[in-house]
Amino acid sequence: MILTLLPKNLAKAGFSFVAGKGDTECKDCRFFKTCVDNLKPGRIYTVTSVRNIEHPCKIHDSGVKIVEVKESQIEAAIPKKYAIEGATGIYSFSCNEICQYHDFCIPEGVAIGDKFLILKVKEKLECPLGNNIQRVSLKLKD
0 MILTLLPKNL AKAGFSFVAG KGDTECKDCR FFKTCVDNLK PGRIYTVTSV RNIEHPCKIH
60 DSGVKIVEVK ESQIEAAIPK KYAIEGATGI YSFSCNEICQ YHDFCIPEGV AIGDKFLILK
120 VKEKLECPLG NNIQRVSLKL KD
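Quick note on numbering: numbering that gives the first Met the number 0 labels position 94 of the sequence shown as 93, and the sequence is numbered without any gaps.
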């Protein structure tokens, strides 16, 4: 379980977000470690529960709430030959083509060089460039 703080209007179970690095004003806040520092910038998190504890915030006028989050699974496209459930790898697939599968080939929350675990192999994607790619659900590893 990871605790963090979110603006009250976003603190809802099921809400997903990409963690940032915080504003310059955040560095001096007494909640910096909980709010910003315990999340990995660029990773996607999903709120699993919301606590009834609120705090003031210099950035968010309405204040923030404590939420429990987990790192989200990511839908991505990888070369079919590496698409094996339970396999681990290092993300290196990239494509400059803008097509209906672009969000899978360049998924938010994953960077070239990130280590991952394949949780589920899904459908084959018909790449317009002829690449043999498969949609997978993956989880990033440290």
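We put the beta carbon where it would ideally sit given N, CA and C, even for glycine.
Please classify residue i as buried or exposed, where buried requires at least 16 neighbouring CB atoms within 10 angstroms.
{"i": "Val-135", "result": "buried"}
{"i": "Val-63", "result": "buried"}
{"i": "Thr-3", "result": "buried"}
{"i": "Gly-85", "result": "exposed"}
{"i": "Gly-108", "result": "buried"}
{"i": "Ile-111", "result": "exposed"}
{"i": "Val-35", "result": "buried"}
{"i": "Leu-143", "result": "Here the chain covers residues 0 to 141 and nothing more, so residue 143 does not appear."}
With which residues is residue i paired in a DSSP beta bridge?
{"i": "Asn-51", "result": "According to DSSP, Asn-51 bridges with nothing at all."}
{"i": "Glu-74", "result": "Ser-136"}
{"i": "Phe-103", "result": "According to DSSP, Phe-103 bridges with nothing at all."}
{"i": "Gly-149", "result": "Past the edges of the chain, shown from 0 to 141, lies residue 149, and the structure says nothing about it."}
Just verifying my parser: in three-state terms, what is the DSSP assignment at residue i?
{"i": "Lys-7", "result": "coil"}
{"i": "Lys-114", "result": "strand"}
{"i": "Tyr-151", "result": "As shown, the chain starts at 0 and ends at 141. That puts residue 151 outside it, with no answer to give."}
{"i": "Lys-121", "result": "strand"}
{"i": "Val-66", "result": "strand"}
{"i": "Val-142", "result": "An answer regarding residue 142 cannot be provided, because it is not within the stretch 0 to 141 covered by the chain."}
Practice prompt. Decide yes or no for the touch test of the region 61 to 68 against the region 34 to 49: beta carbon pairs closer than 8 Å, at least 3 of them.
Written response: yes
Discussion item. Does the region 24 to 39 come into contact with the region 114 to 122, if we say contact requires no fewer than three beta-carbon pairs (one atom in each stretch) closer than 8 Å?
Written reply: no
Worksheet item: Does the count of Cβ pairs from the region 51 to 60 and the region 13 to 30 closer than 8 Å reach three?
Response: yes
Practice prompt. Inspect the CB distances between the region 103 to 120 and the region 70 to 85 and report whether three or more fall short of 8 Å.
Written response: yes
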